[in-house]
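Here's the structure we're looking at; comments come further down.
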Amino acid sequence: MLDTTVPPDAPACDSSADRDDAALARAAAAGSRSAYETIYRRHAPRLYAVVWRLCGGNAARADDALQETFIAAWKALPQFRFQSALGTWLHRLAVNTALMELRRRAHSRDHELDDADGELLAAIPGASSCQATQMDLERALETLPPRARAVLVLHDMEGWKHHEIAEELQMAVGSSKAQLHRARGLLRARLGEPV
């Protein structure tokens, strides 16, 4: 499993890091494994935090989604056009990979609990003295329906706009807003707050 001790909310990359990422991406696209390993070490902790939340706190699924993200990135790097920062491109790829996994799971079975569904990381990155509250929130987040959870994570945690979420999840903007409202209400209810 990925070591998540590096805070996932660390700033993505400044302009010199973006230039360094571009050089690393070119080297990796040319076949340099060491350049690709550097890209992985630099971006994996932040991407893991995103896919972990989208996967409902399930570490095994998050590990799989992160691995699939970096496999897809390795294959697609030769076509990367540098129209955005590498970190931005990887972030979008990770979100897409996690969302595809959610869709696959939704089609393959109704939301059954398996052994790994309740698994939580022992230490939540960035947790402070309110660790118990954060753990309650993460547990409640795990129980949300996948689409509502995806909208909540993308909007409230990743800062996406409703039109971006609607496009990504192939829904109307109004549906994105409704799913966010639903997710927040379910979270409040599960945390024992008045709805």
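Residues are numbered in the working numbering as their position in the sequence shown, beginning at 1, plus a constant of 1029.
Glycine included, C-beta positions come from ideal geometry on N, C-alpha and C.
What you are looking at is a predicted structure, and each value in this text was computed from that prediction instead of being measured.
By Cβ distance, which residues of its chain are closer than 6 Å to residue i, with the 5 residues on each side in sequence left out?
{"i": "Trp-1081", "result": "Ala-1091"}
{"i": "Ala-1058", "result": "Leu-1106 and Pro-1107"}
{"i": "Val-1182", "result": "Arg-1082 and Leu-1083"}
{"i": "Glu-1130", "result": "Ala-1094"}
{"i": "Arg-1064", "result": "For the sequence presented, residue 1064 should be read as Ala rather than Arg. The residues are Leu-1053, Ala-1056 and Ala-1057."}
{"i": "Glu-1167", "result": "Gly-1086"}
{"i": "Val-1079", "result": "Ala-1123"}
{"i": "Glu-1171", "result": "Gly-1085 and Gly-1086"}
How should residue i be labelled, buried or exposed, when 16 other C-beta atoms within 10 angstroms of its C-beta is the threshold for buried?
{"i": "His-1184", "result": "buried"}
{"i": "Gly-1086", "result": "buried"}
{"i": "Ser-1205", "result": "buried"}
{"i": "Glu-1066", "result": "exposed"}
{"i": "His-1120", "result": "buried"}
{"i": "Arg-1062", "result": "exposed"}
{"i": "Pro-1223", "result": "exposed"}
{"i": "Leu-1220", "result": "exposed"}
{"i": "Arg-1133", "result": "exposed"}
{"i": "Arg-1048", "result": "exposed"}
{"i": "Ala-1052", "result": "exposed"}
{"i": "Ser-1045", "result": "exposed"}
{"i": "Glu-1141", "result": "Legend: pLDDT at Glu-1141 = 44, less than 50; position of this residue unreliable, no value from coordinates given."}
If you drop the 5 nearest sequence neighbours on each side, which residues of the same chain put their C-beta closer than 7 Å to that of residue i?
{"i": "Phe-1099", "result": "Tyr-1069"}
{"i": "Leu-1076", "result": "Leu-1095, Thr-1098, Leu-1119, His-1120 and Ala-1123"}
With residue i as the anchor, note down where its alpha helix (DSSP H) starts and where it stops.
{"i": "His-1184", "result": "Careful: His-1184 lies outside any alpha helix (DSSP H) and carries neither H nor E."}
{"i": "Leu-1083", "result": "1062-1083"}
{"i": "Lys-1104", "result": "1088-1105"}
Report, in whole angstroms, the separation of the C-beta atoms of residue i and residue j, which I expect to be a contact under 8 Å.
{"i": "Leu-1122", "j": "Ala-1101", "result": "6 Å"}
{"i": "Ala-1177", "j": "Ala-1212", "result": "4 Å"}
Please work out which residues of its chain come closer than 8 Å, Cβ to Cβ, to residue i, disregarding the five sequence neighbours upstream and downstream, and give them in chain order.
{"i": "His-1191", "result": "His-1184, Val-1202, Ser-1205, Lys-1206 and Leu-1209"}
{"i": "Leu-1128", "result": "Leu-1083, Ala-1179, Glu-1197 and Leu-1198"}
{"i": "Ala-1195", "result": "Ala-1201, Val-1202, Ser-1204 and Ser-1205"}
{"i": "Asp-1165", "result": "Leu-1220"}
{"i": "Leu-1173", "result": "Gly-1085, Leu-1181, Ala-1212, Leu-1215 and Leu-1216"}
{"i": "Phe-1109", "result": "Ala-1054, Ala-1058, Leu-1115 and Trp-1118"}
{"i": "Asp-1125", "result": "Note that residue 1125 corresponds to Asn in the displayed sequence, not to Asp. Correct list, in chain order: Glu-1197."}
{"i": "Phe-1111", "result": "Ala-1051 and Ala-1054"}
* Quick one: complete beta strand (DSSP E) runs, 3+ long, within the region 1196-1221? -> Taking only runs of at least 3 residues, no beta strand (DSSP E) segment lies wholly in the region 1196-1221.
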